[in-house]
Structures are given as C-alpha cells and as structure tokens.
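First comes the structure, then the notes that go with it.
Number of protein chains: 2
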Amino acid sequence: MSLDAGTRGLRERKRLATRRSIERSALALVAERGLDKVTVDEISHRADVSPRTFFNYFASKESALVGDAPELLDEAAVEEYISAGPGESALRGLGPLIARATESDSGEIETQQLRRTLLKQYPELFARRMFAMKTFEEHLVTVVEARLRRDEPALAEDEAALTTKARLITLVVFAVVRHAWTSWNDGDNPRLFGERLLQSFHQLDEIMATGVPLHRATA
Amino acid sequence: MSLDAGTRGLRERKRLATRRSIERSALALVAERGLDKVTVDEISHRADVSPRTFFNYFASKESALVGDAPELLDEAAVEEYISAGPGESALRGLGPLIARATESDSGEIETQQLRRTLLKQYPELFARRMFAMKTFEEHLVTVVEARLRRDEPALAEDEAALTTKARLITLVVFAVVRHAWTSWNDGDNPRLFGERLLQSFHQLDEIMATGVPLHRATA
DNA sequence: TGCAAGTTTGCACAGAGTGCAAGAATGTAA
DNA sequence: TTACATTCTTGCACTCTGTGCAAACTTGCA
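If you read the protein sequences in the order shown, they are chains C and G. 221 is the number of the first residue of the first sequence in my numbering; add one for each residue after it. 221 is the number of the first residue of the second sequence in my numbering; add one for each residue after it.
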C-alpha cells in the first residue's frame, strides 16, 4: 500500500497531489491541443507549480504523460506460478499471472482513460511506455528462469541456455500483452483487460497449433 | 538499387556521402565519450558541416545514431510466402522470409557494427529503433493478412478478426526477431543473423509444444 | 553561358532540461 | 511554543535541441 493517499505525513500527501496535478494538467492540455502544441511552461502553470518544479517530478514532458511502469507482480501469485510444475507450459502460465497484475492499476480512472487515448494517438508515447516496461520485463525474465529451473533440471545446468529460453518466453508474452492491449483499446470485446489478454493467449495457441513441424522435446 | 553510390548525378552522390559522414562522426564520438557527452555541434564539426545542415539530414541526434528502418521485403519472396498454402503455418513461414530480408543490410560494415554495439549499450536508442520499425511492422501485417485470406477463406469474411490474427502473428514474430537479435549480439553462436533467427523460431516451437491444451482448429 | 532547382549556411528564436543557492514548508523533539 | 533539521519549491543563469527564413552557393541542363 505505498500509494495510499490517506496515510503518511502531510509532506507525502502533498507530493502525491502535486504529481497527480501535473499529470492531469499535462494530459488535459495535450488532449485539447496536441502533443507539440503544449509546453512545459503551460503545463506547470495549469498545475500551479513553477516550471522548475515540473522537472523535479518528471524528467521530461513525455514522462508526465505516459505514467509509471506497472507495479511489480503479486508475490503469492509469482510463487504459485514458479511451482506450478512442468504439466503446464511456462509460457501459458504467465497469462493469468499478468492478467491478475493488471487488475490493480493505480491512479485515477479518468487519468488512466485519457492516458490510454493518448498512447493510442501518439506512437512516440507508446514507444516510451514500452521502454518504461524494461524493468518489468527484466523482472519477469528472472521469474521465468526460476520456473524453468524447477521444471527442467537438465536445462538449469546451462545458465546461458536457461536465460535464452526465459528471454524468449518473456518477449513472446510481451508481444501477446501488446496485442491484447491494442485490441482491447480498439473497442474489441470485453470490458476487462484481463479477459482480453486471455483471449490473445488462446489465439496464440491456435496459431501455433497449425502446421506444427514434427520434433520432440529435447533436453 | 536506390542507394547505389556509383550511379545517379553528382548531387545524389554528395548527399549520400554527407549523410554517411554525419553518421560516422556521430557513432565515433558517442563510442568515445558516451551518448550525452556529445553535442550536435561536435558531431557537425567533425563531419565538416554546419549544425544547421545536420538537421537537414537528421531530425535529432538519436536518429543519426540508430539508422534507417530496414528495407522493405523482397517482392518475390513475399509472393512465395503468401501463396505457400495452409500446409505451413503463417507464423513459421515468416522466419525464412525475414531471415532473407536481413541479409541485404545497407551501409558500411564498420558503421553497422558500431551501431549494434551502441544499440546494445543504450536501451533508449534501442527503443527508438523499435519505434522506427513501426512502418515495417505495419507492412508485415498486410502481408500476413494476404496470406491468411488465402489460407482461411472463412476467416477472410470477418475483416476485424482477420486483422487481429495477422497482428498477433506479426507481433510474435517481432518478439522472435528481437530475441534472435540480442542473442546474436551477445556473442551467441552463428555468424549470420539469419541463422540465429531460425534458431529462435525453432525454440519457439519447442516452447509452444509443451503442455499444449486440447483444442481443435475452429473456423 | 545562363537559368532553374537543390543544398548549405548563418542568424534569430522558442523550448527542453540542469545546477545552484535562497527561501518556504514540514517534521520533531524539548 | 520554540528551535533546528529535513525536505520541497522557486528563480536564475546557462547549455543544448530543433526550426523558420533568407542569402549565398553548387549542380543540372539547355
């Protein structure tokens, strides 16, 4: 509960309020006028802080718009995933895990919605967001590694091979997340992102199931 | 043959030379001193052009570093892919197609190598590069759509579903390409990128083949 | 030779982003 | 309440990025 706006001292509450205020101002202005018709000065003015303060909170105009990287995963869910056993594929198991992680999205709803619209509208922002996911991505790789170490003891002896495999799984999962995200944003179907995500995972299964080349699982 | 430096007028040759010179200067300086210890002024000076001219060629310091988006795909190879028939999966078929496309990388070898080093060193640049792939990505989606239209007439009647599927395939393929690229760059195995790419495709098959859920191809 | 079209450059300017130090607000403990 | 430490805000000066414009220069072509 690190973002609980009721707890902690006045300082912390004010800081959060300022941050939110800047975010809101930035999003609103860009929605009104377009990304490059808005200056940091204007954003700061609307948020009632000095331009210098803006840069105390955000490194750039863009980072005020894209928001933070997603929260880390739920400890318990991660444990469950790691010890699920080799019966379920390491890739598919990530579907529910991530779906659950996205339920607990922080911040104000209106802000989130505006952000989504802008991410769709400005690919540059989307790219930035992807970049912000880097840390999350790396974290996920280590989680997958842990899982594989359990499922495939033989593989675990070759550190490099283990990491390579974990990286491939992670990258593919991110591709699926990205697919689900844009599909969901394009008004496709379900209300909850988690549901759409599972759909995309299922679609991937279908795609990979056609024309499977003959080969056996090698150790 | 649009970049053939022997043909065309003096104008065109000079323009290409200047562009290359700026690229080389930028890469060399950043390699020496680090990304943010280098200014456009310095790059321009080393390349013997005015700073203003720098911006006639590149929109930013970064774009001089990351290089152009990859060439479009070979027409013939695309045709072959599209009409390969439903026997081979639309996803796997993209492996050889892209592998072939990467063989014909433009520019000087030394420049390419330096670029790779820097892309590895600076994730921001890598993100930019990914963003530059956007056009290529979109092109690929339409190619996959064409293929699916042939393979699955039933699906072709639902434009939205067709696009959704094509996008998922494309995104996953890009994930595989990214995986192959970094693996290759980390000194892993083969000399040719194309070879490494096929390895990654194969690894994906293995991953997806474990714990396959029961389901049938639905129309 | 001379004109059209394309290229380079300098100049002026707006905006992004940072270091620094003064001053305001908050936390804390007597 | 007071006094003192910590943290936050702000203004200021400065460097760097990126763009519009017009003058000067180069190349293409008849």
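A virtual CB, placed ideally from N, CA and C, is assigned to each residue, including glycine.
Measuring CA to CA, which of D406(C), R272(C), P306(C) and R244(C) is closest to A380(G)?
Comparing C-alpha distances from A380(G) to each of D406(C), R272(C), P306(C) and R244(C) shows the shortest one belongs to D406(C).
Measuring CA to CA, which of L412(G), M428(G), Q423(G) and D425(G) is closest to R320(G)?
L412(G)
Going by DSSP, what residue range makes up the alpha helix (DSSP H) through L403(G)?
Residue identity check: residue 403(G) is Ser in the sequence provided, not Leu. First-last of the alpha helix (DSSP H) with S403(G): E379 to N405.
Which chain C residues sit within Cβ distance under 8 Å of I427(G)?
S309, A310, L311, K385, L388, I389 and V392
According to DSSP, is N276(G) helix, strand or coil?
Correct three-state label for N276(G): helix.
For a contact defined as C-beta to C-beta under 8 Å, what are the partners of F275(C) on chain G?
The premise fails here: F275(C) is roughly 16 Å from chain G at the closest Cβ pair, so nothing lies under 8 Å.
Excluding the five sequence neighbours on either side, which residues of its own chain have a C-beta within less than 8 Å of the C-beta of G313(C), listed in chain order?
Y301, A304 and R367
Chain C beta carbons: is any one of them nearer than 9 Å to that of A287(G)?
The question names Ala, yet the displayed sequence has Gly at residue 287(G). For G287(G), the answer is no, since every Cβ of chain C falls outside 9 Å of its Cβ.
Please tell me whether L424(C) has its Cβ less than 9 Å away from any Cβ of chain G.
Answer yes: the Cβ-Cβ gap between L424(C) and chain G drops below 9 Å somewhere.
For L391(C) versus H399(G), is the C-beta spacing smaller than 9 Å?
yes
Please identify the residue among Y277(G), F356(G) and Q341(G) whose C-alpha is closest to the C-alpha of P290(G).
F356(G)
Please report the residue range of the alpha helix (DSSP H) in which M350(C) lies.
P343 to A352
Helix or strand or just coil, what does DSSP make of V258(C)?
It is coil, neither helix nor strand.
Let me know the beta strand (DSSP E) ranges lying completely inside the segment 293-323 of chain C, each 3 residues or longer, listed in chain order.
Not a single unbroken stretch of the beta strand (DSSP E) spanning 3 or more residues falls wholly within the segment 293-323 of chain C.
Pull out every residue of the segment 395-409 of chain C whose Cβ sits closer than 8 Å to any Cβ of chain G, in chain order.
Listed in sequence order: A395, V396, R398, H399, T402, S403 and D408.
Please classify R244(G): is it buried, with 16 or more other beta-carbons within 10 angstroms of its beta-carbon, or exposed?
buried
Is I263(C) closer than 9 Å to K385(G) when the C-beta atoms are compared?
no
Using a Cβ-Cβ cutoff of 9 Å, what residues of the segment 339-351 of chain C are near chain G? List them in chain order.
Of all residues in the segment 339-351 of chain C, those with a C-beta nearer than 9 Å to a C-beta of chain G are P343, E344, F346, A347, R348, M350 and F351, reading in chain order.
Counting C-beta neighbours from all protein chains within 10 Å, is the total for L270(C) 16 or more, i.e. buried, or is it exposed?
A small fix is needed here, since residue 270(C) is Ser in this sequence, not Leu. Exposed: under 16 other Cβ atoms inside 10 Å.
Quick one: which chain C residues come within Cβ less than 7 Å of K354(G)?
P343
Could you list which residues in chain G have their beta carbon closer than 8 Å to that of V432(C), in chain order?
S309, D425 and A429
Below 8 Å on C-beta distance, what does S420(G) contact in chain C?
L388
Within 9 Å (strictly less), CB to CB, does P306(C) reach chain G?
yes
Report the option in E299(C), E358(C), L339(C) and T402(C) whose CA atom is closest to the CA atom of L388(G).
T402(C)
What three-state label does DSSP hand A225(C) in the structure shown?
Unreliable placement is indicated for A225(C), whose pLDDT of 38 sits below 50; the coordinate value is still reported in the next sentence. In the structure shown, A225(C) sits in coil (DSSP, three-state: anything other than H, G, I, E or B).
On a CA-only basis, which of V432(G), K340(G) and I329(G) is nearest W404(G)? Give me that one, please.
K340(G)
If you follow the alpha helix (DSSP H) that V250(G) is part of, which residue opens it and which one closes it?
L230 to R253
When the Cα of R335(G) is compared with those of R416(G), V286(G), L382(G) and D256(G), which residue comes out closest?
V286(G)
At what residues does the alpha helix (DSSP H) containing L424(G) begin and finish?
F413 to A429
If we ignore side chains and look at the alpha-carbon of each, how far apart do R239(G) and T383(C) end up?
39 Å
Take R369(G) and list the residues in its own chain whose beta-carbon comes closer than 6 Å to its own, dropping the five residues that flank it on each side.
A376
Which residue from R235(C), F274(C), P316(C) and E308(C) puts its Cα closest to that of V396(C)?
P316(C)
When the Cα atoms are used, what is the spatial distance from A237(G) to A248(G)?
16 Å
R239(C) CB to nearest chain G CB: under 9 Å?
no
First and last residue of the alpha helix (DSSP H) that includes S283(C)?
K281 to V286
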